[in-house]
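In mature numbering (1 follows the signal peptide of the UniProt record, and there is no 0), the protein residues as written are -17 to -1, 1 to 161.
Notes follow the structure.
Below you can see the structure in the form of structure tokens.
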């Protein structure tokens, strides 16, 4: 009986070790996965935080750690071009939208891959947000012209195409493989 139990446990362990990562639940960390980081700067060139993208099963996990931003609610998005020319950061282009969806998680025809939840910063200018975007890939994020992370002046209404009425761009960072 004991030998049979050990054999069953050993077979189960081997079976689990042999599972490929495609069977993992979306958002599960991927061993040896890639990551990218965008150092966020405001129009004056002041460091206001960072955004990180990490490979996870079925997509990318984005996390934002902000500092020295105006208190309040800010729309944050992935933009299509890896450029952040101050003062208005328009060189970052529009929202990253490889699946041609509409903007916003509240839009019945959305969201697109560049949509993220609003970032809320306290009176100390600090805030964090994290989200997994199913289907997003590091290859798409770090394509030939790259991608940027943009913080907007106001809240994203999570519905209005193309940018959620989130106002001007107040901070930006270009994603670089890390």
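For every residue, glycine included, the Cβ atom is placed at its ideal position computed from N, Cα and C.
Just so we're clear, the structure is a prediction, and the values are computed from it rather than from any experiment.
Given residue 53 as reference, the closest of 136, 79, 131 and 129 once Cα atoms are compared
Checked all of 136, 79, 131 and 129; the closest Cα to residue 53 is 136.
Can the beta-carbon of residue 161 be found less than 8 angstroms from the beta-carbon of residue 66?
It is not a contact, given that the beta carbons lie outside the stated cut-off.
C-beta atoms of residue 47 and residue 34 nearer than 8 angstroms:
yes
Whole-angstrom distance between residue 148 and residue 140, CA atom to CA atom
6 angstroms
Candidates 68, 98 and 80, of which the one nearest residue 164 by Cα
The chain is shown from -17 up to 161; residue 164 falls before or after that span and cannot be answered.
CB-CB length for residue 116 against residue 43, believed under 8 angstroms
5 angstroms
I'd like to confirm the pairing. Which residues does DSSP put opposite residue 155 in its beta bridges?
Under the DSSP definition of a beta bridge, residue 155 partners with 24 and 133.
Residue 102, enclosing beta strand (DSSP E) - first and last residue
Here the beta strand (DSSP E) through residue 102 covers 102 to 104.
Please report the straight-line C-alpha distance between residue 159 and residue 109, rounded to a whole angstrom.
23 angstroms
Residue range of the beta strand (DSSP E) that includes residue 43:
42 to 49 is the span of the beta strand (DSSP E), which, as asked, contains residue 43.
Length of the line joining the Cα atoms of residue 111 and residue 146:
20 angstroms
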